[in-house]
Amino acid sequence: MICNVVVEFIKTNVIVLSALSCVYLGVMIGQVLFHWKKIDASILIPILIFQICTFNSLFVHITPSIHSNFQESAISGLFTAQLRGLDFQNIESGLLGLGAIDPYFELSKRYHNPSNGTERWQIVYRSEYIHNVINPYWDPFQLDLTKLCHGEVRRELKITVYDYETMSAHRKLGETKVTVEEFMESVTTGGNASREDALRVVDEEGDVVGLLVVLKAQVRLV
320 MICNVVVEFI KTNVIVLSAL SCVYLGVMIG QVLFHWKKID ASILIPILIF QICTFNSLFV
380 HITPSIHSNF QESAISGLFT AQLRGLDFQN IESGLLGLGA IDPYFELSKR YHNPSNGTER
440 WQIVYRSEYI HNVINPYWDP FQLDLTKLCH GEVRRELKIT VYDYETMSAH RKLGETKVTV
500 EEFMESVTTG GNASREDALR VVDEEGDVVG LLVVLKAQVR LV
């Protein structure tokens with residue numbers, strides 16, 4: 320059983336226990352005081368008994384843990400995200416320096432062809448393009464996890480940023496590799512112009528050509 324265990328002090332003598340032998344737990348007493356990666360019942364139960372003797376009573380509430388589920392197997396759910404571009408290299412400035420790129424991005428997963436053993440990147444989402452700007456805000460998007468990454472939040476994905484062209488082939492600016500888990504870990508904590516947690520977009524030479532600020536990234540299990 321993969322679970323979080325929330326331990327709260329209460330005034331009634333209510334104790335809820337379960338089969339706890341060798342399970343992964345996240346334990347909170349009131350607020351988060353401990354985080355045990357793995358614990359055996361022989362260790363946990365004496366701790367609970369000590370807490371009961373000291374504080375008279377405890378309530379132990381066991382709920383599913385999303386992060387623990389991530390570690391174990393494929394999951395079903397919806398992934399919602401929003402990206403903002405920053406400092407993209409302007410490859411369309413024109414003779415007078417007045418023009419700018421029309422950026423959009425594609426999100427792809429790695430596809431393995433079982434018939435011949437080849438691999439390729441398969442596009443699962445394409446954003447709208449934003450006209451004449453190097454710091455674009457793209458619309459939020461939502462994808463089924465099965466479609467996006469076969470329900471495996473640590474499966475590698477690729478984001479490729481392009482300059483949209485109407486009369487010729489779209490021009491690739493660069494790309495970055497990321498997982499759903501890394502998406503969520505990279506959500507900005509410093510505002511929509513923060514570069515601290517932004518994803519680096521690099522060209523074929525490995526040079527950074529722009530940044531992707533993750534404004535939102537979350538999974539809702541279904």
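Quick note on numbering: the sequence shown equals residues 320 to 541 in this note's numbering. Every residue gets a Cβ at the ideal spot worked out from N, C-alpha and C, and that includes glycine.
Below 8 Å on the Cβ atoms is my contact criterion, and I expect residue i with residue j to pass it. Report the Cβ-Cβ distance as a whole number of Å.
i    : j    : result
I442 : D406 : Not really, about 25 Å apart at Cβ, beyond 8 Å.
T399 : Q537 : 5 Å
V506 : K535 : 7 Å
D421 : H450 : 5 Å
G529 : Q401 : Wrong, their Cβ atoms sit about 16 Å apart, outside the cutoff.
T498 : V472 : 6 Å
S395 : T465 : 7 Å
So what's residue i in DSSP terms, helix, strand or just coil?
i    : result
F502 : helix
T485 : coil
T465 : helix
T479 : strand
A536 : strand
Y448 : coil
R403 : strand
P422 : strand
E523 : coil
R429 : strand
T545 : This structure cannot settle anything about residue 545, because the visible part of the chain is limited to 320 through 541.
G270 : No answer is possible for residue 270: the residues shown for the chain start at 320 and end at 541.
E438 : strand
G509 : coil
G470 : coil
Give the single residue among the options whose Cα lies nearest to the Cα of residue i.
i    : options                   : result
G509 : V472, A488 and V532       : V532
S392 : E500, G470 and F502       : G470
D516 : V480, E501 and L397       : E501
Y448 : T465, M503, N432 and F424 : F424
R445 : L462, S434, Y430 and N435 : L462
S513 : M486, M503, G396 and G404 : G404
F460 : D526, L397 and E504       : L397
P455 : D526, R539, N511 and W440 : N511
R474 : R429, M503 and L518       : R429
Quick one: does residue i have its CB under 7 Å from some CB of chain B?
i    : result
E484 : Chain labels in this structure do not include chain B; a single protein chain is all it has.
Which residue comes first and which comes last in the beta strand (DSSP E) that contains residue i?
i    : result
V541 : Careful: V541 lies outside any beta strand (DSSP E) and carries neither H nor E.
F407 : It is not in any beta strand (DSSP E) - F407 carries neither H nor E in the DSSP assignment.
L417 : From DSSP, L417 is part of no beta strand (DSSP E); its letter is neither H nor E.
(request) Please confirm if the segment 474-493 is in contact with the segment 519-528, defined as three or more CB-CB distances below 8 Å between the two stretches. (result) yes
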